[in-house]
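Novice: Numbering (this note's numbering), first residue to last: 1 to 405.
(1) Check residue 244 in the structure and name its three-state DSSP category.
(2) Looking at residue 356: is its Cβ nearer than 8 Å to the Cβ of residue 69?
(3) Quick check on residue 105: does DSSP put it in helix, strand or coil?
(4) Please report the straight-line C-alpha distance between residue 96 and residue 217, rounded to a whole angstrom.
(5) Going by C-alpha to C-alpha distance, which of 272, 321, 327, 333 sits closest to residue 307?
(6) Where does residue 82 fall in DSSP's three states?
(7) I'd like to check one pair, residue 40 with residue 11: are the Cβ atoms closer than 8 Å?
(8) Could you tell me which uninterrupted beta strand (DSSP E) segments, each at least 3 residues in length, are contained entirely in the region 292 to 357, listed from first to last along the chain?
(9) Smallest Cα separation from residue 166: which of 174, 182, 176, 145?
(10) Can you grab the Cα-Cα spacing for the pair residue 128 / residue 386, in whole Å?
(11) I need the DSSP call for residue 377, collapsed to helix, strand or coil.
(12) Applying the 10 Å Cβ sphere with the 16-neighbour rule, what's the burial state of residue 187?
(13) Is the beta carbon of residue 70 within less than 7 Å of some heavy atom of the ligand SAH?
(14) In angstroms with no decimal places, state the Cα-to-Cα distance between residue 319 and residue 169.
(15) From residue 362 to residue 176, what does the alpha carbon distance come to, in whole angstroms?
(16) Output yes or no for whether 8 Å exceeds the beta carbon distance between residue 377 and residue 13.
(17) Between the alpha carbons of residue 329 and residue 293, how many angstroms are there, rounded?
(18) Could you pull out every residue in the same chain whose Cβ sits closer than 6 Å to the Cβ of residue 265, ignoring the five residues on either side in sequence?
(19) Report the residue from 86, 174, 93, 348 whose alpha carbon sits nearest the alpha carbon of residue 107.
(20) What is the DSSP secondary structure of residue 29, reduced to helix, strand or coil?
(21) By how many angstroms is the C-alpha of residue 251 removed from the C-alpha of residue 263?
(22) Measure the CB-CB distance between residue 9 and residue 65 and report whether it falls below 8 Å.
(23) Give the DSSP-derived three-state secondary structure of residue 233 in the structure shown.
(24) In angstroms, rounded to a whole number, what distance separates the CA positions of residue 370 and residue 131?
(25) Should residue 352 and residue 340 be called a contact, given that it needs their Cβ atoms to be closer than 8 Å?
(26) Which one or two residues does DSSP pair with residue 402 in a beta bridge?
(27) Which same chain residues, not among the five before or five after residue 194, have their C-beta less than 8 Å away from its C-beta?
(28) May I ask you to list the residues that DSSP assigns as paired with residue 214?
(29) Which residues does DSSP list as the beta-bridge partners of residue 286?
(30) Just the C-alpha distance for residue 1 and residue 398, rounded to the nearest angstrom, thanks.
(31) Please return the same chain residues whose Cβ sits closer than 8 Å to the Cβ of residue 348, not counting the five positions on each side in sequence.
(32) Provide the residue span of the alpha helix (DSSP H) that contains residue 72, from first to last.
(33) Determine the burial state of residue 300: buried for a count of at least 16 other Cβ atoms within 10 Å of its Cβ, exposed for fewer.
(34) Considering only residues of the same chain and omitting the five flanking positions on each side of residue 259, which have a CB-CB separation below 6 Å?
(35) Quick check: the Cα distance between residue 344 and residue 91, rounded to an integer number of angstroms?
(36) Starting from the Cα of residue 205, find the closest Cα among 295, 156, 136 and give me that residue.
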């Protein structure tokens, strides 16, 4: 199927070229986009669009002067889980401190859910993503924490996205922490659990996964434990991602850079050495504004990272405990309001930045040869995504040239 989307008032291409506005955004005014068989084949002025339609024809979609952006690329989510943690959220708003240990309650609910229950809930989240302009998304496991449950989580995730991350090293499950063999020693319990993660759990999950991740943080896994998991995953052919520096300064960022990780996510507490390491690497710093909004922790300093030359992505971290939002427009608004980003930087980080965090060269921009993934805004400019927070501005979403919302 061929689709010509025309009468676009402002088209964000993320394809910087002479004569275009917006720097990296590569803005084209009064524009049109032609998508043939799921791939962008032409971008240019609406006045020239009719001549580009192939002999086989195309569906003409007039967006009435609205803005169009590339589909959002959400490079960090946890969408396969059971239950919720609304009570934990309410307690946190009443003053209780956020800690990684709350993950265990979601593990219990997830283990109790059937495949069909998890699959149906996942389908609902995918519909949410599409309705808010997201066309590419990553999903992590991490709420099973047993061989059988982690395998089914990555298997179910793989049904809806190729960007599946094995996160067996999310937290140490309660059956290891409470095992009397370890006499209350969390490091010994973690070491024993890591033996399972790098052995039969990795063997079961790697066939369904593209990435391996580890939560290198107090209350989760030590740097040595995280390194072991990440190196084992890399040896199994998986790309590397890291949860790091969320709850305090630590070794997560430096470990990610050393191992050539595609992305290190959170980056809330960074030393000057961390920033320098990121700036001299290909590792993307993925910031997750919904987490700090939900936990009342300090926001990461995006301005500091961008000014240092670090590649920054934004993602939702949609999960039931610390960021139960699937809205990339919301994350853009928070990043602009509280993290020092301009609207243009936040939109780029949510599209092209997310693509770099997933090492994808077929999404995140609108230029010939890339997937026809785009979002039509019910607004004249990308700036409205930050300017009108909380307003449903996604008029329609297209993935591979087909409307999905």
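By construction, the Cβ of each residue, glycine as well, lies at the ideal position given by its N, Cα and C atoms.
Specialist: Quick answer:
(1) Numbered from 1 along the chain shown, position 244 holds the residue referred to as residue 244. DSSP places residue 244 in strand when its eight states are reduced to three.
(2) Start at 1 with the first residue of the chain shown, and residue 356 comes out as number 356. Start at 1 with the first residue of the chain shown, and residue 69 comes out as number 69. In this structure, residue 356 lies away from residue 69, with their beta-carbon atoms at least 8 Å apart.
(3) One-based indexing of the chain shown puts residue 105 at position 105. Residue state, collapsed to three classes: helix.
(4) Counting from 1 along the chain shown, the entry for residue 96 is found at position 96. Counting from 1 along the chain shown, the entry for residue 217 is found at position 217. Distance between the alpha carbons of residue 96 and residue 217 is about 19 Å.
(5) One-based indexing of the chain shown puts residue 307 at position 307. Relative to the Cα of residue 307, the nearest Cα in the group 272, 321, 327, 333 belongs to 272.
(6) Position 82 of the chain shown, counted from the first residue, corresponds to residue 82. The answer is coil: DSSP assigns residue 82 none of H, G, I, E or B.
(7) Residue 11 sits at position 11 when you count from the first residue of the chain shown. Residue 40 sits at position 40 when you count from the first residue of the chain shown. In this structure, residue 40 does not lie closer than 8 Å to residue 11 by Cβ.
(8) 312 to 314
(9) To locate residue 166, count along the chain shown from 1; it is residue 166. Of the candidates 174, 182, 176, 145, the one whose C-alpha sits nearest the C-alpha of residue 166 is 145.
(10) As a first step, residue 128 is located in the chain shown; it is residue number 128 there, counting from the start. As a first step, residue 386 is located in the chain shown; it is residue number 386 there, counting from the start. Straight-line Cα distance between these residues: approximately 19 Å.
(11) In the chain shown, the residue the question calls residue 377 occupies position 377. In this structure, residue 377 counts as strand in the three-state DSSP scheme.
(12) Position 187 of the chain shown holds residue 187. Classification for residue 187: exposed.
(13) As far as ligands go, the structure on display features none, and thus does not contain the ligand SAH.
(14) Position 319 of the chain shown, counted from the start, is the residue given in the question as residue 319. Position 169 of the chain shown, counted from the start, is the residue given in the question as residue 169. Between the alpha carbons of residue 319 and residue 169 lies a distance of about 16 Å.
(15) For the purposes of this step, residue 362 is taken as residue 362 along the chain shown, with counting starting at 1. For the purposes of this step, residue 176 is taken as residue 176 along the chain shown, with counting starting at 1. Their backbone Cα atoms lie some 42 Å apart in a straight line.
(16) Numbered from 1 along the chain shown, position 377 holds the residue referred to as residue 377. Numbered from 1 along the chain shown, position 13 holds the residue referred to as residue 13. It is not a contact, given that the beta carbons lie outside the stated cut-off.
(17) Residue mapping note: residue 329 aligns to position 329 of the chain shown, counting from 1. Residue mapping note: residue 293 aligns to position 293 of the chain shown, counting from 1. Between the alpha carbons of residue 329 and residue 293 lies a distance of about 14 Å.
(18) The residue labelled residue 265 in the question sits at position 265 within the chain shown. Counting only Cβ-Cβ distances below 6 Å, and skipping sequence neighbours, we find 76, 243, 286.
(19) The residue given as residue 107 occupies position 107 in the chain shown. When only C-alpha atoms are compared, the closest one is 174.
(20) Locating residue 29 in the chain shown gives position 29, counting from the first residue. In this structure, residue 29 counts as strand in the three-state DSSP scheme.
(21) Translated into positions along the chain shown, residue 263 becomes position 263. Translated into positions along the chain shown, residue 251 becomes position 251. When rounded, the distance between both Cα atoms is 14 Å.
(22) Indexing the chain shown from 1 puts residue 9 at position 9. Indexing the chain shown from 1 puts residue 65 at position 65. Contact flag set, yes.
(23) Translated into the one-based positions of the chain shown, residue 233 becomes position 233. Helix, per DSSP.
(24) As a first step, residue 370 must be located in the chain shown, where it is residue number 370. As a first step, residue 131 must be located in the chain shown, where it is residue number 131. Residue 370 and residue 131: Cα-Cα distance of roughly 21 Å.
(25) For the purposes of this step, residue 352 is taken as the residue at position 352 of the chain shown. For the purposes of this step, residue 340 is taken as the residue at position 340 of the chain shown. Cβ distance not < 8 Å, so residue 352 and residue 340 don't count as in contact.
(26) Within the chain shown, the letter at position 402 stands for residue 402. According to DSSP, which records beta bridges pairwise, residue 402 is partnered with 399.
(27) Taking the chain shown and counting its residues from 1, the one referred to as residue 194 is at position 194. These residues qualify, in order along the chain: 169, 221, 225, 228, 229.
(28) Numbered from 1 along the chain shown, position 214 holds the residue referred to as residue 214. Answer is 169, bridged to residue 214.
(29) Indexing the chain shown from 1 puts residue 286 at position 286. Partner(s): 265, 313.
(30) Indexing the chain shown from 1 puts residue 1 at position 1. Indexing the chain shown from 1 puts residue 398 at position 398. When rounded, the distance between both Cα atoms is 13 Å.
(31) Taking the chain shown and counting its residues from 1, one reaches residue 348 at position 348. Same-chain partners within the cutoff: 14, 24, 25.
(32) Residue numbering aside, residue 72 sits at position 72 when the chain shown is read from its first letter. Looking at the DSSP string, residue 72 is not in any alpha helix (DSSP H); the run it does join, the beta strand (DSSP E), is 72 to 74.
(33) The residue you call residue 300 lines up with position 300 of the chain shown. So residue 300 counts as buried.
(34) Walking along the chain shown from the start, residue 259 turns up at place 259. Cβ within range, chain order: 230, 240.
(35) Position 344 of the chain shown, counted from the first residue, corresponds to residue 344. Position 91 of the chain shown, counted from the first residue, corresponds to residue 91. Rounded to the nearest angstrom, the two C-alpha atoms are 36 Å apart.
(36) Indexing the chain shown from 1 puts residue 205 at position 205. For residue 205, the nearest C-alpha among the options comes from 156.
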